[in-house]
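**Student:** Just dropping this structure here.
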Amino acid sequence: MGAANDVKYAYIAARVRAMKGKLIPKEMYPKFLNMEIPEITRFIGESEYKKDVDELGKKYSGIDLVEHALNQNLALTYRKLIDVSQNEANFLITEYLRSWDIWNIKTIIRGKFSGASEDEILEDVVSAGQLRYRELTEIVKIGTVEGVIAAFAKTPHYPALEGYNGVLADIENSLDRMYYSNLIKVVSASGNKLFLKFLRTEIDLKNLKMLFRMKRADMEREDILKLLIPGGMELKDADLSRLAAMPLSEFVRAIEEYSYWKAISDVSGELTSLLNIETRLDKYGLAYAASISYYYPLSILPVLDYILSKKIEVDNLRIIVRGKETSLQEDIIKAHLVM
Amino acid sequence: MVADAGMIAIGAGIAVGLAGIGAGMGEQAIGAAAVGAMAEDEKFFGKGLLMTVIPESIAIFGLVVALILLFVFNA
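Line by line, the protein sequences are chains A and B. Residues 1 to 339 (our numbering) make up the first sequence, in order. Residues 1001 to 1075 (our numbering) make up the second sequence, in order.
What follows is the structure, encoded as structure tokens:
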């Protein structure tokens, strides 16, 4: 990495490091587990989420308030990253955060498909991508799945949506594949090898999770292959096709040769629930992002590390609050937390 | 003698000038990073300022060399 690149990323890298310092420390999560919902809500209301909680306090209350405040904060934080970055960093962050457009499109279509109310859908909308909250609230008002798809006609995501034939999984899958193939293309063109490495590892982890889920559901090789995203770091097309054909027990043994094995080796015997495996893979992703961002401190990696850490913080808080609300046992909530 | 004095003065100028450019290049990234961190948290002001002026020592080395040239060699 040349000196010119170092200078380019100095501002944004130092800024996200300072922002990361303000995230809730992982020692706090076990304490949350011992708190009641009002205490957690108060803590969130006095933390970095204060402004969002105050702002939305008039409109929502209780758990809904927490949920909306977390989502709004996440969206504003990501938007801030786009606003304060310049040139290459700005371009790469914008492209990476398009995943939230995909998330929102999926959320709205799923919501409409299952007949959820507008408020229920908006609860899960995070306008951190290029589609603004106002546009999304307008789209949420549309009654049918077909109408929603037509509303997205002007977005670059439309080619993945237009083939909708009543099966949600198909368009969701093509949205994901389109997002990743487009991202790989633009990142390769930008020549940022570090981002590409991060991205391809993320694809591997996503594919591994998908493989575990599909193997447990005993799906056929062809059906599994349709759901996997090409372009991974270690799990190339040939590996994916080989792994997809194996039965679960053989598949678990076959993963031993990949570096991701160390993340799941101690829980690989407990395949009754995939929760442990998915949480471990998320933890691996987080630790990996943190470690490579320390190797290359003046690059895009600290920003990506922050994006991931912030998302996991919001997810963890949501899991705790929702878990407490539904009176889940502490160890079950704890098993879901990535920390 | 006048020509020698002129050469010494040019040498002193180059020493200060190059050292200043070097210090500036060093400070560029550090200054940007310090402002970035400070924008998020004002507590970084002290640390940021300290880090930003560290490359300034290079400029001082240049100045010292220039002073040596002017006062020792000119005497």
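We put the CB at the ideal spot given by N, CA and C, even for glycine.
#1: Return the chain-ordered list of same chain residues with a C-beta closer than 6 Å to the C-beta of B:Phe1044, the five sequence neighbours on each side being excluded.
#2: Taking just the CA atoms, how far does B:Gly1024 sit from B:Gly1017?
#3: What residues in the region 63–93 of chain A bring their beta carbon closer than 8 Å to a beta carbon of chain D?
#4: For B:Val1035, go through chain A and note every residue whose CB falls closer than 7 Å to its CB, in chain order.
#5: Considering Cα atoms alone, identify which of A:Tyr295, A:Ile82, A:Pro159 and A:Tyr11 is closest to A:Arg177.
#6: Does B:Met1025 come out as helix, strand or coil in the three-state DSSP assignment?
#7: Would you grab the beta carbon distance between A:Gly111 and A:Ile121 for me? Rounded to a whole angstrom, and I think it's under 8 Å.
#8: Quick one: using the 10 Å Cβ neighbour count with 16 as the cut-off for buried, is A:Lys193 buried or exposed?
#9: Buried or exposed for A:Tyr179, going by 16 or more other Cβ atoms inside 10 Å?
#10: Is B:Glu1056 close to chain A, meaning its C-beta is less than 9 Å from at least one C-beta of that chain?
#11: Straight-line CA distance for B:Asp1041 to A:Val7?
#12: Within the same chain, show all residues whose beta-carbon is closer than 7 Å to that of A:Leu286, passing over the 5 residues directly before and after it, in chain order.
#13: Using 10 angstroms around the beta-carbon of A:Val187, count the other beta-carbons present and answer buried if the total reaches 16, otherwise exposed.
#14: Thinking just about the alpha-carbon of each residue, which of A:Val145, A:Thr77 and A:Asp239 is nearest to the one in A:Ser114?
#15: Tell me which residue opens and which closes the alpha helix (DSSP H) that A:Ala116 is part of.
#16: Residues of the region 1040–1054 of chain B in Cβ contact with chain A at a cutoff of 8 Å, in chain order, please.
#17: Hey, B:Met1051 and B:Ala1032: beta-carbon distance below 9 Å or not?
#18: For A:Met1, does the count of other Cβ atoms within 10 angstroms reach 16, so buried, or fall short, so exposed?
#19: Taking buried to mean at least 16 other C-beta atoms within 10 Å of its own C-beta, is A:Val167 buried or exposed?
#20: At 4 residues or longer, what runs of the alpha helix (DSSP H) sit wholly inside the region 221–264 of chain A?
#21: So which residues on chain B does A:Asp52 lean against when the C-beta distance must stay under 8 Å?
#22: When you compare the CB of B:Ile1030 with every CB in chain A, is at least one pair closer than 9 Å?
#23: In this structure, does DSSP put A:Met1 in helix, strand or coil?
#24: For A:Lys31, which of helix, strand or coil comes out of DSSP?
#25: If the cut is a Cβ gap below 9 Å, which residues of chain B does A:Val125 touch?
#26: Do A:Leu225 and A:Leu357 count as a contact pair if the criterion is CB distance below 9 Å?
**Tutor:** Concretely, from the data shown:
#1: Ala1037 and Met1038
#2: 11 Å
#3: Structure shown: chain D not included; protein chains present are A and B.
#4: The contacting residues are Tyr11.
#5: A:Pro159
#6: helix
#7: 4 Å
#8: exposed
#9: Within 10 angstroms of the beta-carbon of A:Tyr179 lie 16 or more other beta-carbons, which makes it buried.
#10: no
#11: Rounded to the nearest angstrom, the two C-alpha atoms are 21 Å apart.
#12: Leu308, Ser309, Ile312 and Val338
#13: buried
#14: A:Val145
#15: Segment: none, A:Ala116 is in no alpha helix (DSSP H) and carries neither H nor E.
#16: Answer set for the region 1040–1054 of chain B: Glu1040, Asp1041 and Phe1044.
#17: It is not a contact, given that the beta carbons lie outside the stated cut-off.
#18: Residue confidence is low: A:Met1 scores 48 on pLDDT, short of 50, so the model does not pin down where it sits. Its coordinate-derived value is still stated next. It counts as exposed.
#19: Looking at its Cβ environment, which holds fewer than 16 other Cβ atoms inside 10 Å, A:Val167 is exposed.
#20: 221–227, 237–245, 248–254 and 261–264
#21: The contacting residues do not exist; A:Asp52 stays about 17 Å from chain B at best.
#22: At a cut-off of 9 Å between beta-carbon atoms, B:Ile1030 makes contact with chain A.
#23: Here A:Met1 scores only 48 on pLDDT, less than 50, and its place in the model should not be relied on; the value that follows carries that caveat. Residue state, collapsed to three classes: coil.
#24: The three-state secondary structure of A:Lys31, taken from DSSP, is helix.
#25: Correct list: empty, because the minimum Cβ distance to chain B is about 27 Å.
#26: Here chain A comprises residues numbered 1 to 339, so residue 357 of chain A is not present and cannot be evaluated.
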